[in-house]
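Shown next, in structure tokens, is the structure this report addresses.
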Amino acid sequence: MKEHLFSSELWLARSPAEIFPFFADAKNLGSITPPWLHFEILTPGEIAMRVGAVIEYRIMLHGIPLRWKTKITAWEQPFRFVDEQIKGPYHQWIHEHRFEKSGQGTLCHDKVRYSVLGGSIVNRLFVEPEVKKIFSFREKKLTELFGSKPPSP
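Heads up, the sequence shown is in our numbering, so the first residue is 113 and it goes up one at a time.
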């Protein structure tokens with residue numbers, strides 16, 4: 113099955129030490145997920161983010177309700193973590209988040225390696241455009257939360 117790659121970079125006007133805690137709290141994921149996905153965390157209680165943590169969600173993709181379960185497979189606070197789908201809509205989904213100090217802020221790198229049933233045609237027509245829309249929404253929300261301009265002296 114062909115593996116696809118999506119990557120993006122976003123500069124935010126806060127340090128990695130300020131940005132990372134936002135991502136370390138799974139409850140914040142809903143605020144940067146598009147409303148059309150009807151995102152809901154199903155894992156009860158507090159989620160201690162660390163290697164081995166498992167988070168279960170419910171989303172809607174094109175009107176179809178889906179359960180999605182991910183596992184944290186790398187956790188290097190405040191610079192990097194990786195979540196991997198263990199159950200969900202993709203054949204494979206591995207999402208690496210990196211946070212790199214850049215001037216007076218943080219360069220946030222997202223790299224997603226994924227594969228889908230149906231191959232390249234399904235990816236090109238449906239999956240890739242949806243992934244781009246989701247990350248575009250996410251970048252807009254993160255910019256609103258953390259700013260994209262350095263603070264004034």
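The beta carbon of each residue, even a glycine, is placed where N, CA and C say it ideally should be.
Practice prompt. Report yes if the C-beta distance between Asp-222 and His-203 is below 8 angstroms; otherwise report no.
Written response: no
Practice prompt. Check the DSSP bridge columns for Pro-177 and list the partner residues they point to.
Written response: Met-172
Discussion item. Rounded to whole angstroms, what is the Cα-Cα separation between Thr-185 and Gln-197?
Written reply: 10 angstroms
Discussion item. Please tell me whether Ser-227 and Trp-123 are closer than 8 angstroms, where the distance is taken between their beta carbons.
Written reply: no
Worksheet item: Quick one: any contact between the region 244-255 and the region 153-170, if contact means 3 or more CB pairs under 8 angstroms?
Response: Touching, no.
Worksheet item: In chain order, what residues of the same chain have a beta carbon less than 8 angstroms from the beta carbon of Leu-173, not counting five sequence neighbours either side?
Response: Leu-149, Pro-201, Glu-242
Discussion item. To test your reading of the DSSP string, which unbroken beta strand (DSSP E) runs of 3 or more residues are found completely within the region 162-239?
Written reply: 166-173, 176-188, 192-199, 204-214, 217-227
Discussion item. Just list the residues that DSSP pairs His-116 with in beta bridges.
Written reply: Tyr-226
Item to complete: Quick one: measure Cβ to Cβ for Ser-143 and Lys-253, integer angstroms, because I've assumed they're closer than 8 angstroms.
Response: 6 angstroms
Fill in: Helix, strand or coil at Leu-149 according to DSSP, with G and I counted as helix
helix
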